[in-house]
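Structure first, then comments.
Number of protein chains: 2
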Amino acid sequence: MIAETERAEVASCETGQLELAAVLHAMSDPIRLRIVSELNEGGERACGAFNLPITKSTCSHHFRVLREAGVISTRVAGKSRINVLRREALEDRFPGLLDAILHARSD
Amino acid sequence: MIAETERAEVASCETGQLELAAVLHAMSDPIRLRIVSELNEGGERACGAFNLPITKSTCSHHFRVLREAGVISTRVAGKSRINVLRREALEDRFPGLLDAILHARSD
DNA sequence: CACAGAGTTCGATATTTGTCGTACAATGAC
DNA sequence: GTCATTGTACGACAAATATCGAACTCTGTG
Chain P
13 MIAETERAEV
23 ASCETGQLEL
33 AAVLHAMSDP
43 IRLRIVSELN
53 EGGERACGAF
63 NLPITKSTCS
73 HHFRVLREAG
83 VISTRVAGKS
93 RINVLRREAL
103 EDRFPGLLDA
113 ILHARSD
Chain Z
13 MIAETERAEV
23 ASCETGQLEL
33 AAVLHAMSDP
43 IRLRIVSELN
53 EGGERACGAF
63 NLPITKSTCS
73 HHFRVLREAG
83 VISTRVAGKS
93 RINVLRREAL
103 EDRFPGLLDA
113 ILHARSD
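Just so you know, the sequences run in chain order P and Z.
Quick note: to get the working numbering, add 12 to the position in the first sequence (first position is 1).
Quick note: to get the working numbering, add 12 to the position in the second sequence (first position is 1).
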């Protein structure tokens, strides 16, 4: 059995360009930007801990987009899913990108 | 009369976050990434000088998205439109973002 | 076991987006 | 002025996206 998370992380890895486009697309939504920003400041957090103005299913959708683009990863912890910003992986492939985005947002 | 270019550049300027989302969205398409990358390397270029695998109207659409997000600006020169990457404006508002994106792409 | 909590998955739907072809506008060349 | 060049504007249309509600899975707890 292949874990969902594994497949998700690999989903868009063909050429460097495609992956970059996927990451940028994942970040180009206000709600997802907010998720990334809060994950950056608050460390690991469960999906429900964001107080987002959307329903559970929409929330789930946004986390999936971020997961499949490789921006975050999710692990199960008891009843909840803990989300983590994949700082190292992002920094490795796109040096400076995450910080540029996070810094711009809080201007 | 308000020039088209002026309106375009101002189109998405409300909050910092919204503008960032617009810029990221503009960059999250392979063709537009290629346009930006070529503009970065080759300096100013006319729309037709990109040899893109799309029709004129689609091409026009992509340049408009980039223009409205503030990523490029366009000026008329004879029969053609010359496109310029708005390096300074981008660097001013989102320090390091453009370079992070351009560097990642050529990995 | 039954039940509540936390997310995911599955349609459904409205909006946005990428693409095209055709028509149009502006400019330089004849 | 007429024509070719360069790009824009305008529908049209298919695919992707954001959103929702309802049904489902998994986990811990009574």
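The beta-carbon is built from N, C-alpha and C at its ideal position, and this holds for glycine as well.
Among residues of its own chain, excluding the 5 on either side of alanine 81 of chain Z, which ones have a beta-carbon nearer than 6 Å to its beta-carbon?
-> Ala34, Val35, Ala38
Excluding five sequence neighbours on each side, which residues of the same chain lie with their C-beta closer than 7 Å to the C-beta of methionine 62 of chain P?
-> Reading off the sequence shown, one finds phenylalanine at residue 62 of chain P, where the question assumed methionine. Only Ile47, Glu50 meet the Cβ criterion.
Indicate whether leucine 109 of chain P and asparagine 52 of chain P have their beta-carbon atoms separated by less than 7 Å.
-> It is not a contact, given that the beta carbons lie outside the stated cut-off.
Would you list, in chain order, the members of the segment 98-110 of chain Z that have their beta-carbon closer than 9 Å to a beta-carbon of chain P?
-> Of all residues in the segment 98-110 of chain Z, those with a C-beta nearer than 9 Å to a C-beta of chain P are Arg105, Phe106, Pro107, Gly108, Leu109, Leu110, reading in chain order.
Residue range of the unbroken alpha helix (DSSP H) whose run includes valine 77 of chain Z | 68-80
For isoleucine 113 of chain P, the residue or residues it bridges with in DSSP | Beta-bridge pairing links isoleucine 113 of chain P to no other residue.
If you drop the 5 nearest sequence neighbours on each side, which residues of the same chain put their C-beta closer than 8 Å to that of aspartate 41 of chain Z?
-> Cβ neighbours of aspartate 41 of chain Z within its own chain (closer than 8 Å, five residues either side excluded): His74, Val77.
Buried or exposed for isoleucine 84 of chain P, please, with buried defined as at least 16 other CB atoms from any protein chain shown within 10 angstroms of its CB.
-> buried
Under a CB-based cut-off of 7 Å, is histidine 37 of chain Z close to chain P?
-> yes
Would you mind reading off the limits of the alpha helix (DSSP H) that contains alanine 61 of chain P?
-> Alanine 61 of chain P -> no alpha helix (DSSP H), and no H or E assigned at all.
Alpha carbon to alpha carbon, how far is phenylalanine 106 of chain P from threonine 70 of chain Z? Give it in angstroms, no decimals.
-> For the pair threonine 70 of chain Z and phenylalanine 106 of chain P, the Cα-to-Cα distance works out to about 29 Å.
Under 7 Å between beta-carbons, which chain Z residues line up against serine 85 of chain P? List them in chain order, please.
-> Going along chain Z, no residue has its Cβ under 7 Å from serine 85 of chain P, so there is no contact; the nearest lies around 20 Å.
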